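The sequence shown runs -23 to -1, 1 to 471 under mature numbering (1 follows the signal peptide of the UniProt record, and there is no 0).
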Amino acid sequence: MRQVSGSVAWMVVLSGSLISALALPGEASTPHQFSSSDLRLLQEGSEGGMTESLLTPPQPSPDRGEKVIPTATTVTEWIAQIEASIIQITGIQVETTAAGLQVVLETVDGALEVPETRSIGNVLLADIPNAVITEAFSQANPIAGIALVSVSQLPGDRVRVAITGTDAPPVAEVRSEAQGLVLAVTLGEAGNVAEDDAIQVVVTGKQDEGYNPSSATTATRTDTPLRDIPASIQVIPQQVIEDQGVNRLSDAVRNNASGVTTSSSYAGTGQGEFIIRGFQQNYNFRNGFRFGKFGYIADLSEVERIEVLRGPASILFGQLQPGGVVNLVTEQPLSDPTYTLQFTGGQFSFYRPELDFSGPLTDDGSLRYRLNAVYQNAGSFRDEVNSERVFVAPVLQWNISENTTLTADFSYLYNDPVFDRSLVALSDGSLPLPINRFLGYPSLDDYAEEQVRASYQLEHRFNENWEIRNAFSFSSILRRVSRIRNWIRFSLCR
């Protein structure tokens, strides 16, 4: 930079909302305290050779809570002043006292400036200048009458303490002690709330994923966020299944998973296979175990979500077609007691009562259960065609220790539909018979199916990153076909 005789030369540095002016000697000005963003610019300028220059900052702004400090004559001294003026809050403690509670902002080096407090609605605010925290802090309902205590970082190296009362703004006495800054909080009176004041609404709770689940287990066999899975996977959550009112697996998958169709319904029995990306998949999965080659019937009352994995990643489950897999993830016992009764009715004499009970079996909640039970009976627009189904699925979960869990489940399904092959169409596509005509012998139809499943899963967590899992599954499918078919097969074998 060249000296200009009889005048002042300026160099302007812009960074976001920061405008710092650096000047050569020639005019005196008032010293100014800068924030951590200024420090970064000064360090960059110092590395570029801007050292031992006389620096004159602009007038401090009272709105930002800045104060005047002695003038620095070099970049090195200026950087040292900035570092010394910003206080690091190392810990936050919320302690209960006889009068209410106290919030302690712990520091190691330096003392925090005692701020003034103000109230907005039911919220007491205290903005502390020249301070930083590593991460935001919040604690809900520390005592009766206090809804929330939060500490957050504000722009300009300021830290805000917000204490929300349930009925009125709290009252705080702020003092500086050896351990740090202490806010002694007492409950305020309800009449102190002004009607024109703004009201801060605090909502706490767990996010309900609903239609947008964030993780899946099918692609990696671990509970992995969907954004981290390098595969094409789609999750159909329970909320979608309930809102659509479907009770058949084929309807739930076909309505929500693109690129997936069904080959047939096997004469109206509810069986069949999925075709994924042009490949006919003979197996479906339940909690990662394949179940049945053909004729798998799933009742959706016990299903928490359906995961559809497309593409050759399906070979993770063994010898399968490369189109993909459909995996059903079942419901698990809940810690809180839940009792749900549901009844569904529809046309053609369709009715379906079901129950879903869950909760703890012991006082400490280490042993929990879940029970799903369904009865379904339905007619059809086809003459002499009807169906009946019974389904029961109990689950037990035992927390053996804090890190070890054993889950055992059992299910029984009985399905008794009329075996209906539908109508015969002529070569020109016409139907010579009415669509309600049944071409069969209802008195001779004896088709029925029983499915029995049992499994367990043992998990032990070593830490947040490592766990070991052992699982076993048993399944049995028994089909009873019509007597006339058995007789024909026996005659041919003789």
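Ideal Cβ placement from N, Cα and C applies to all residues, glycine included. Note that the coordinates shown come from a computational prediction; the quantities given were computed from them, not determined experimentally.
For Gln374, the uninterrupted beta strand (DSSP E) segment begins and ends at 364 to 376. Thr50 sits in coil when the DSSP states are folded into three classes, being neither helix nor strand. Counting every other CB atom within 10 Å of its CB across the protein chains shown gives Gln374 a total of 16 or more, marking it as buried. With 16 or more other Cβ atoms inside 10 Å of its own Cβ, Arg366 counts as buried. DSSP links Tyr418 through a beta bridge to no other residue. Looking at the DSSP output, Tyr433 sits in a beta bridge with Ala385, Phe449. Residues Arg359, Asp360, Glu361, Val362, Asp397 of the same chain have their beta carbon placed closer than 7 Å to that of Phe415, with the five preceding and five following residues left out of the count. Taking every protein chain shown into account, the CB of Thr74 has fewer than 16 other CB atoms within 10 angstroms, so this residue is exposed.
A distance below 6 Å between beta-carbons, with the five flanking residues on each side excluded, links Arg135 to the following residues of its chain, in chain order: Asp104, Pro106. With respect to Val302, Ile213 sits apart: the two C-beta atoms are not nearer than 9 Å. Comparing alpha-carbon positions, the option among Val162, Ile120, Gly342, Phe334 lying closest to Pro371 turns out to be Phe334. In this structure, Gln211 keeps its C-beta atom at 9 Å or more from the C-beta atom of Asn232. The Cβ atoms of Thr94 and Ile66 do not sit closer than 9 Å to each other. Contact between the segment 425 to 433 and the segment 377 to 388 is established, with three or more Cβ pairs separated by less than 8 Å. Counting other Cβ atoms within 10 Å of its Cβ, Thr53 stays below 16 and is therefore classed as exposed. Boundaries of the alpha helix (DSSP H) around Leu226: 226 to 233. Each of Val217, Gln309, Pro207 was checked against the Cα of Ser291, and the nearest Cα belongs to Pro207. Asp104 carries a strand assignment under DSSP once its states are collapsed to helix, strand and coil. Rounded to whole angstroms, the Cβ separation of Pro299 and Arg347 is 35 Å, and the two are not in contact under 8 Å. Annotation: Val401 is outside any beta strand (DSSP E) and is labelled neither H nor E by DSSP. The three-state secondary structure of Ser326, taken from DSSP, is coil. A Cβ-Cβ distance of about 15 Å is found for the pair Arg263 and Leu297, leaving them out of contact under the 8 Å criterion. By the Cβ-count criterion, Glu150 is exposed, with fewer than 16 other Cβ atoms from all chains shown falling within 10 Å of its own Cβ. Around the beta carbon of Tyr260, a 10 Å sphere encloses 16 or more other beta carbons of the protein chains shown; the residue is thus reported as buried.
If you ignore the 5 residues before and after Val369, its C-beta comes within less than 6 Å of the C-beta of Ala350, Tyr389, all in its own chain and listed in chain order.
Per DSSP, the unbroken beta strand (DSSP E) holding Ile253 starts and ends at 251 to 253. Using a Cβ distance threshold of 9 Å, Leu338 and Arg345 count as a contacting pair.
For the options Gln156, Ala402, Ser227, the alpha carbon positioned closest to that of Gly87 is the one of Gln156. For a cut-off of 8 Å, the C-beta gap from Ala117 to Ala124 is around 7 Å, short enough to register as a contact. Nearest to Asn392 by C-alpha distance, out of Tyr352, Gln215, Ile218, is Tyr352. Proximity to Asp313 across Asp340, Phe325, Ser326, Ala193 peaks at Asp340, based on C-alpha coordinates. Secondary structure of Gln221 (DSSP, three-state): helix. For Ile283, the enclosing beta strand (DSSP E) has its first and last residue at 280 to 287. Ile64 and Ala108 have their C-alpha atoms spaced approximately 5 Å apart.
Between the alpha carbons of Ser235 and Ser343 lies a distance of about 41 Å.
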